[in-house]
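Trainee: Residue numbers (the numbering used here): 4 to 332.
Heads up, the beta-carbon is just placed ideally off N, CA and C, and yes, glycines get one too.
Before I ask anything, let me first share the structure, which is written out below as structure tokens.
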Amino acid sequence: MRKYHVYGLGNALVDTEIEVADKDLNNLGIEKGLMTLVDEERQHFLIDNLQDRLTLSKRACGGSAANTVISVSQFGGKGYMACKVADDDNGQFYLQDLIDNGVDHSGGPQLEQGITGKCLVMVTPDAERTMNSFLGIGEQLAPEDIDGSAVAESEYIYIEGYLVTSDTGRAAAIKARELAQENGTKVAISLSDPGIVEHFKQGLKDMVGPGVDLLFCNKQEALNWCDTDDIEVAMETMQKTAKQFAITMGGEGAVIFDGFNTLHARAQPVTAVDTNGAGDMFAGAFLYAITQGQSCLDAATFANRAASAVVGKYGPRLHVAEYNGLKIA
Numbered sequence: 004m005r006k007y008h009v010y011g012l013g014n015a016l017v018d019t020e021i022e023v024a025d026k027d028l029n030n031l032g033i034e035k036g037l038m039t040l041v042d043e044e045r046q047h048f049l050i051d052n053l054q055d056r057l058t059l060s061k062r063a064c065g066g067s068a069a070n071t072v073i074s075v076s077q078f079g080g081k082g083y084m085a086c087k088v089a090d091d092d093n094g095q096f097y098l099q100d101l102i103d104n105g106v107d108h109s110g111g112p113q114l115e116q117g118i119t120g121k122c123l124v125m126v127t128p129d130a131e132r133t134m135n136s137f138l139g140i141g142e143q144l145a146p147e148d149i150d151g152s153a154v155a156e157s158e159y160i161y162i163e164g165y166l167v168t169s170d171t172g173r174a175a176a177i178k179a180r181e182l183a184q185e186n187g188t189k190v191a192i193s194l195s196d197p198g199i200v201e202h203f204k205q206g207l208k209d210m211v212g213p214g215v216d217l218l219f220c221n222k223q224e225a226l227n228w229c230d231t232d233d234i235e236v237a238m239e240t241m242q243k244t245a246k247q248f249a250i251t252m253g254g255e256g257a258v259i260f261d262g263f264n265t266l267h268a269r270a271q272p273v274t275a276v277d278t279n280g281a282g283d284m285f286a287g288a289f290l291y292a293i294t295q296g297q298s299c300l301d302a303a304t305f306a307n308r309a310a311s312a313v314v315g316k317y318g319p320r321l322h323v324a325e326y327n328g329l330k331i332a
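Spelled out as structure tokens, the structure:
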């Protein structure tokens, strides 16, 4: 039995989540529903202009892969997170938050000078999340930050597609995939965001390489990845990319390819409050379930329940009692 269920690889971002109106996004020139990379000056500008909304905000250790690995840990699995933070208050907070959530990490005792990445998560009344991210030192995540022994001791590595925006991050993802494949560790990847697929497709293809064991995406990401408007065509095409995949479809549930058949996992009814972290939670619950011996369909059903729980509240995580209330069927 391997030490870790999931070894995550992604951008380390300290999240600040706030509620905004659509007019706020329009007035500030922010594209709704997508993740947009910004520099530090732009992020400060946004925070200054939304200062009155920050009173109820709460910072949290975030980033897509971190959210996923933390959920694996909270469900009872063992996770590891490869990331890069700076020797600043946010960096120390980030690593401690990982530890507090039972996740081992690659951050050593000697952190580099710089600024830890930050993400401003803006949630509109329709529960849609819009993110503006300043990667900071996180965009310097490089191949040398990959712990080969931890990869070899993991059942899965999980790579977030957001890494494609950085040359060194993309190289780190490729190295992690290659190390995993050399050591019999399964490779899972998330396409992360429709805009990422649209603008960085070749880089994502380099990260996927000859193929992965498991791919996560939503419907629009699948369509963008396969250059089609037909989800049936996309599902057929994606079988060339991944041995198994899960396409989340919002209120329509999820479509799963288990390596043999295409299956449908029904959505759990929920009144959406905040979609931030829904995809990350789905991936984490799915990975936890399959590493516990569940079938892809059962894993997807469990993941839908977990994602619905996080959509019904603010923030990308659940409380301990909420995790404990979600059990594999």
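Any idea if Asp51 is buried or exposed, counting beta-carbon neighbours within 10 angstroms, 16 or more meaning buried?
Mentor: exposed
Trainee: With a threshold of 6 Å on Cβ separation, who are the neighbours of Asn221 within its own chain once the five nearest residues in sequence on each side are excluded?
Mentor: Thr251
Trainee: Between the segment 131 to 141 and the segment 103 to 110, are three or more C-beta pairs nearer than 8 Å?
Mentor: no
Trainee: Run the CB neighbour count on Ser327, radius 10 Å, all protein chains shown included, and call it buried at 16 or more, exposed below.
Mentor: It should be noted that the sequence gives Asn, not Ser, for residue 327. Classification of Asn327: exposed, given that the 10 Å Cβ count is below 16.
Trainee: Under a three-way DSSP split, which group does Ala34 fall into?
Mentor: Just to set this straight, residue 34 is Glu in the shown sequence, not Ala. Judged by DSSP in its simplified three-state form, Glu34 adopts coil rather than helix or strand.
Trainee: Counting only the same chain and skipping the five closest in sequence on each side, list residues whose C-beta sits under 6 Å from that of Ile293.
Mentor: Ala302
Trainee: On the criterion of 16 or more Cβ atoms from any shown chain inside 10 Å, does Gly82 qualify as buried, or is it exposed?
Mentor: buried
Trainee: Assign Phe203 to buried or exposed, taking buried as 16 or more other Cβ atoms, counted over all protein chains shown, within 10 Å of its Cβ.
Mentor: It counts as buried.
Trainee: Could you give the first and the last residue of the continuous alpha helix (DSSP H) run that contains Glu325?
Mentor: Element bounds for Glu325: 323 to 328.
Trainee: Less than 8 Å between the beta carbons of Leu218 and Thr244, yes or no?
Mentor: Closer than 8 Å, so yes.
Trainee: Kindly indicate which residue of Gly36, Lys208, Met284, Glu34 has the alpha-carbon position closest to the one of His322.
Mentor: Met284
Trainee: Say whether chain D places a C-beta atom closer than 8 Å to the C-beta of Ala309.
Mentor: In the structure shown, chain D cannot be found, because there is only a single protein chain.
Trainee: With the cut-off set at 8 Å, would you say Leu207 and Gly151 are in Cβ contact?
Mentor: no
Trainee: Considering only residues of the same chain and omitting the five flanking positions on each side of Ala254, which have a CB-CB separation below 7 Å?
Mentor: The sequence shown places Gly at residue 254, rather than the Ala named in the question. For Gly254, where only same-chain residues beyond five positions count, the Cβ hits under 7 Å are Ala270.
Trainee: Reducing DSSP to helix, strand and coil, say where Phe263 ends up.
Mentor: DSSP places Phe263 in coil when its eight states are reduced to three.
Trainee: Return yes when the Cβ of Gln143 is within less than 8 Å of the Cβ of Thr171, no when it is not.
Mentor: yes
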